[in-house]
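If you want the working numbering, it's the 1-based position in the sequence shown plus 3.
Quick reminder that beta carbons are idealized off the backbone N, C-alpha and C, glycines included.
Only a predicted model underlies this, so the values are computations on that prediction, with no experimental measurement involved.
These notes are about the structure you will find just below.
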Amino acid sequence: MSTSDPKVFWHEHAVSREEREQLNGHKGCVLWFTGLSGSGKSTVANLVDHRLHAMGIHSFVLDGDNIRHGLNASPAMLKERHSEDFAKRFGLGFSAQDR
Numbered sequence: 004m005s006t007s008d009p010k011v012f013w014h015e016h017a018v019s020r021e022e023r024e025q026l027n028g029h030k031g032c033v034l035w036f037t038g039l040s041g042s043g044k045s046t047v048a049n050l051v052d053h054r055l056h057a058m059g060i061h062s063f064v065l066d067g068d069n070i071r072h073g074l075n076a077s078p079a080m081l082k083e084r085h086s087e088d089f090a091k092r093f094g095l096g097f098s099a100q101d102r
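Below is the structure:
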């Protein structure tokens, strides 16, 4: 799906970039680590996150493995970890058993 697709819409945010920067006390930035599996991307990302936190800079690590673990969780796994209602609302059903 490209940005010229009629189903893709730009959404204005209620909080502007400037307002968010003022609240956080710094400008936003993305650090994107790429490399082979097992090359230490998550380790480096977590070390950088820890250092930024120690400096009082708001940061967050979005680890691909963790995201996939959540997205690929079966409704049964979500039910076991959380509740049946949670599994019904958030179980995306992308696990191998649901394909």
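Distance check for residue j and residue i, CA to CA, integer angstroms please.
i: Leu81; j: Asp66; result: 19 Å
i: Val64; j: Ala48; result: 7 Å
i: Lys30; j: Ser19; result: 12 Å
i: Asp88; j: Asp68; result: 25 Å
i: Val71; j: Ser42; result: The sequence as given places Arg at residue 71; Val does not occur at that position. If you take the alpha carbons of Arg71 and Ser42, they lie about 18 Å apart.
i: Lys44; j: Thr37; result: 7 Å
i: Ser98; j: His85; result: Because the pLDDT at Ser98 is just 48, under 50, the model does not fix this residue reliably, and the point stays unresolved.
i: Ser3; j: His14; result: The structure shown does not extend to residue 3, since the chain is modelled only from 4 through 102, so no value can be given for it.
i: Glu21; j: Ser40; result: 36 Å
i: Ala17; j: Ala79; result: 36 Å
i: Gly59; j: Pro9; result: 42 Å
Below 8 Å CB to CB, which residues in the same chain sit around residue i once its five sequence neighbours on both sides are set aside?
i: Arg23; result: Gly31
Put residue i into one of helix, strand or coil per three-state DSSP.
i: Asp52; result: helix
i: Leu34; result: coil
i: Pro78; result: helix
i: Gly43; result: coil
i: Glu15; result: coil
i: Gly59; result: coil
Can you check whether the CB of residue j is closer than 7 Å to the CB of residue i?
i: His61; j: Asn27; result: yes
Cβ-heavy atom distance between residue i and the ligand GDP below 6 Å?
i: Asp66; result: Because no ligand of any kind appears in the structure shown, any question about the ligand GDP cannot be addressed here.
Residues in its own chain within less than 7 Å of residue i by CB, not counting five upstream and five downstream?
i: His51; result: For the sequence presented, residue 51 should be read as Val rather than His. Once the five neighbours on either side are set aside, the close Cβ partners of Val51 are Leu34.
Given residue i, which residues of its chain have a CB within under 6 Å of its CB, disregarding the five upstream and five downstream residues?
i: Leu55; result: Ser62
i: Ala76; result: none
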